[in-house]
Each structure stands twice: as structure tokens, then as C-alpha cells.
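Numbering (this note's numbering), first residue to last: 1 to 402.
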């Protein structure tokens with residue numbers, strides 16, 4: 001019986017390790033989606049810079065999270081013998097890998113907002129500070145119960161703040177951090193002339209669409225594998241993600257009047273919004289959540305660019321920041337049993353947790369980017385911006401005419 005139990009334990013640990021490793025690789029692949037979404041949206045003279053930022057940010061994020069961030073979030077350090085780290089088939093290591101890909105999504109989100117005018121090295125410094133300190137502070141508070149917030153919400157309102165796959169912890173955090181950076185940078189040169197918006201057309205709709213599709217596929221690893229064990233996996237999460245994606249697509253298609261940029265960001269808006277409650281909602285609730293997110297993105301992106309003059313290149317604040325906030329709230333609405341959900345969620349807790357995420361992100365964003373702006377500067381010179389970040393920073397263009 002002891003040998004049988006040992007064999008079962010081995011099978012469970014190895015299966016869970018493989019399961020979460022597959023999830024980590026799928027979310028890692030999403031960073032290619034972030035890269036190509038930005039490459040297709042920016043002007044051609046900034047395509048190399050977009051690709052370079054995403055890969056460099058991921059490398060810096062890994063170092064910051066491995067040595068500092070993961071310890072702040074979960075109290076785990078990897079400065080131990082390999083024999084200790086490899087226990088249970090190294091499940092603890094691949095869990096770090098999986099959660100790292102979430103943490104690294106924060107600078108990848110920010111990258112799209114500050115594109116075409118941000119300096120390269122200062123952004124890498126901001127990435128290190130955000131992934132080492134700002135993001136882990138909120139992540140640990142929500143997903144590890146640090147500082148007692150979740151316990152107090154559960155005692156006071158009957159349920160803690162629920163964010164299954166990161167509508168607020170990852171996406172809203174990234175979107176509101178990006179807003180702070182965008183406001184401190186200011187609009188691109190020539191974006192507004194005589195009080196009117198000047199259109200900067202995307203350089204490549206095919207690349208933009210490719211980035212969107214890579215993100216869509218990887219998102220099923222992002223959401224489904226957030227269970228982190230085979231025992232916890234649920235087909236409900238997969239179908240809810242699918243329905244929210246479709247809802248966001250259809251809404252963006254209609255509200256965006258067939259615009260391909262809106263069309264390919266619509267499914268991403270729906271997926272951002274469903275992350276929080278994908279394990280609780282009824283599929284119809286997920287469909288409605290995604291549809292509202294798709295329309296919200298189109299409306300708010302347009303208003304931000306035209307009315308509020310916020311030059312957020314990829315619209316990461318509407319897409320991740322506002323749709324992430326909607327996702328946190330929608331979890332409290334459509335996750336309730338009254339609307340077909342599984343229950344165990346409090347709307348008041350969702351409102352408090354979501355608002356706290358916005359406050360932490362904005363405060364952290366202004367602190368990090370404001371400090372770097374004061375000490376070293378954030379923005380390219382007018383000449384560098386005119387010639388493009390590719391030639392100015394990387395000394396090579398995206399294409400060669402030879």
C-alpha cells in the first residue's frame with residue numbers, strides 16, 4: 001500500500017508539474033503576441049524598437065521577479081540547493097515560471113502605451129522596479145493573502161476579492177501603470193495639430209492581426225492553467241473565455257464600424273474582462289461581459305485619443321486598464337448565483353479590490369516613472385523621435401530596400 005501511495009503521489013506531482021509548465025509556455029508565447037500587436041500598430045520606423053522592448057523587458061522581468069518579486073509575493077526564495085528546489089518534480093519552480101509570465105505581461109502592456117517616444121534604458125529601469133516591487137506588492141495581497149486584506153473582506157462582506165486569472169491583478173495593474181507613464185511622456189510629436197487629432201496609420205494590419213491571434217490562443221493557457229493543478233482544471237473556464245472573446249469581437253466589429261484595429265482588439269478586451277470570473281460565470285454571463293468590454297474599448301479608446309488627448313498608442317489603458325476594472329466588477333455581478341454563476345463572491349469586495357488595484361497602480365506608476373523622468377528623462381529627443389526609435393536607438397531599420 002505504501003508503494004501504491006508513493007506511485008500515486010509521484011503521478012500527481014509529475015502531472016501537475018507538466019500541466020502548469022504547458023500553461024507557462026503558452027503564456028510565454030503570448031509575449032510574441034504583445035510584440036507583433038505593437039509592431040503592426042506603430043509606424044514602420046519604430047518596429048525594431050517594439051520587438052526589442054518586449055524581449056528585453058521579459059529578460060529584466062525574469063531577473064527582478066526571480067530575485068525579489070516572487071519573494072515579496074509569496075515569501076519564497078530560490079537561493080537554496082537544487083535538491084530542495086527540485087522537490088515534487090520541481091513543481092515550485094514551474095509555478096514560478098508560470099507566475100513570472102504574468103508578471104512580465106505588465107511591462108509588455110506598458111510598452112504599447114508609451115511606444116514611439118520612450119527611451120529604451122529608462123523603460124528597462126522602470127520594468128525592474130515595477131516587477132520587483134509594485135506588482136508583487138498587490139499580487140501577494142490578492143493571491144497570497146498578504147497583509148490580511150482578503151481575510152478582512154471575507155469577514156466583513158462574506159467573500160474575499162476574487163480574481164481568478166488577473167483581470168485586476170495583471171491587466172488593470174498594467175493598464176493603469178501605463179496611463180501614468182503615458183501622461184508623464186505626453187503625446188507624440190505631430191499627433192495634435194491646431195487642436196485636432198492627426199491620424200497615424202498602423203504600419204501593418206497583418207502583423208497587428210497576427211499579434212491578436214497569438215494572444216487569443218495563448219489566453220486559454222492564461223485562464224485555464226490558472227487552476228495550477230489538474231485537479232482544479234475546469235472546462236467552464238475554457239468555454240467562458242471563448243464566449244467572452246466572441247462577445248468582445250462582435251461588439252467591437254459593430255461599434256467600431258468594421259475597423260480592423262478595433263476588430264482585432266475586441267477579442268482581447270473580452271478576454272481581459274473575463275479573467276477575474278471565468279471560473280464562476282455562466283457562459284451567457286461571460287458573453288455579456290465580453291460584449292460590454294469590446295464596446296467599452298472602442299468608446300474609451302476613441303474618447304481618450306480625440307477628447308481627452310491621451311496619446312496611448314495601442315490603447316492599453318482602455319483595453320487593459322478599463323476593461324480589467326470592468327472584469328473585476330463583472331465577476332461580482334455575473335459570478336453570483338442569481339445570474340447563473342457559481343456564487344461565493346461579493347460585489348462589494350470586488351469593488352474594493354478593484355479600486356485598490358487602480359490606486360496601487362496609479363501611485364506606483366507616477367512614483368516610478370516620475371522619479372525616472374526627474375533623474376534621467378523618459379522621452380526621446382525631438383530629432384530621435386522624428387527619425388524613429390529604430391535608427392536612433394538600434395541603428396537599423398525593420399526592412400532593407402537592398
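We treat Cβ as the ideally placed atom computed from N, Cα and C, and that holds for glycine.
DSSP state of residue i mapped onto helix, strand, coil
| i | result |
| --- | --- |
| residue 159 | coil |
| residue 196 | strand |
| residue 379 | strand |
| residue 276 | coil |
| residue 118 | strand |
| residue 281 | coil |
| residue 183 | helix |
| residue 20 | helix |
| residue 144 | coil |
| residue 4 | helix |
| residue 174 | helix |
| residue 397 | coil |
| residue 154 | helix |
| residue 102 | helix |
| residue 49 | helix |
| residue 390 | helix |
| residue 206 | helix |
| residue 307 | coil |
| residue 97 | helix |
| residue 80 | coil |
| residue 111 | helix |
| residue 312 | coil |
| residue 425 | Any answer about residue 425 is impossible in this case: the structure gives the chain only from 1 up to 402. |
| residue 169 | helix |
| residue 86 | coil |
| residue 190 | coil |
| residue 75 | coil |
| residue 39 | helix |
| residue 126 | helix |
| residue 291 | helix |
| residue 64 | helix |
| residue 201 | coil |
| residue 58 | helix |
| residue 137 | helix |
| residue 164 | coil |
Candidates the options: closest to residue i by CA position
| i | options | result |
| --- | --- | --- |
| residue 266 | 276, 275 and 254 | 254 |
| residue 150 | 346, 257, 401 and 206 | 346 |
| residue 391 | 29, 16, 46 and 3 | 46 |
| residue 412 | 274, 377, 181 and 397 | The displayed coordinates of the chain run from 1 to 402. Any statement about residue 412 would go beyond what the structure contains. |
| residue 377 | 184, 82 and 206 | 184 |
| residue 56 | 74, 125, 76 and 5 | 125 |
| residue 49 | 334, 239, 158 and 121 | 121 |
| residue 322 | 314, 305, 300 and 332 | 300 |
| residue 359 | 62, 137 and 289 | 137 |
| residue 200 | 305, 373, 153 and 244 | 305 |
| residue 348 | 319, 160 and 25 | 160 |
| residue 175 | 195, 248, 145 and 269 | 269 |
| residue 219 | 102, 262 and 251 | 102 |
| residue 107 | 131, 90, 91 and 85 | 131 |
| residue 382 | 16, 67, 119 and 40 | 119 |
| residue 228 | 9, 13 and 3 | 13 |
| residue 170 | 142, 194, 94 and 196 | 142 |
| residue 28 | 139, 144, 62 and 256 | 62 |
Proximity of residue i and residue j at Cβ, strictly below 9 Å
| i | j | result |
| --- | --- | --- |
| residue 291 | residue 278 | no |
| residue 178 | residue 316 | yes |
| residue 327 | residue 172 | yes |
| residue 33 | residue 211 | yes |
| residue 209 | residue 260 | yes |
| residue 217 | residue 225 | no |
| residue 271 | residue 241 | yes |
| residue 334 | residue 237 | no |
| residue 344 | residue 280 | yes |
| residue 180 | residue 374 | no |
| residue 60 | residue 128 | yes |
| residue 330 | residue 297 | no |
| residue 182 | residue 310 | yes |
| residue 203 | residue 44 | yes |
| residue 403 | residue 244 | This structure cannot settle anything about residue 403, because the visible part of the chain is limited to 1 through 402. |
| residue 324 | residue 162 | no |
| residue 35 | residue 221 | no |
| residue 31 | residue 66 | no |
| residue 53 | residue 123 | yes |
| residue 73 | residue 230 | no |
**Request:** May I ask you to verify whether the stretch 344 to 360 touches the stretch 190 to 198, counting CB pairs closer than 8 Å and requiring at least 3?
**Result:** No: the two stretches stay apart, fewer than three of their Cβ pairs being nearer than 8 Å.
**Item:** Segment contact, 8 Å Cβ cut-off, at least three pairs: the stretch 329 to 344 with the stretch 108 to 123
**Value:** Pairwise C-beta distances place the stretch 329 to 344 out of contact with the stretch 108 to 123, as fewer than three of them are shorter than 8 Å.
**Asked** Within the chosen definition, does the stretch 81 to 99 reach the stretch 11 to 27 through at least 3 CB pairs nearer than 8 Å?
**Response** Yes: the two stretches touch, three or more of their Cβ pairs being nearer than 8 Å.
**Message:** My parser needs the alpha helix (DSSP H) runs of 4 or more residues fully inside the stretch 210 to 289; what are they?
**Reply:** Counting only runs of at least 4 residues, the stretch 210 to 289 fully encloses the following alpha helix (DSSP H) elements, listed from N- to C-terminal order: 235 to 255 and 260 to 274.
**Asked** Where in the stretch 318 to 384 do unbroken runs of the alpha helix (DSSP H), each at least 4 residues long, occur, reported from the N-terminal end onward?
**Response** Whole alpha helix (DSSP H) segments, 4+ residues: 323 to 334 and 347 to 375.
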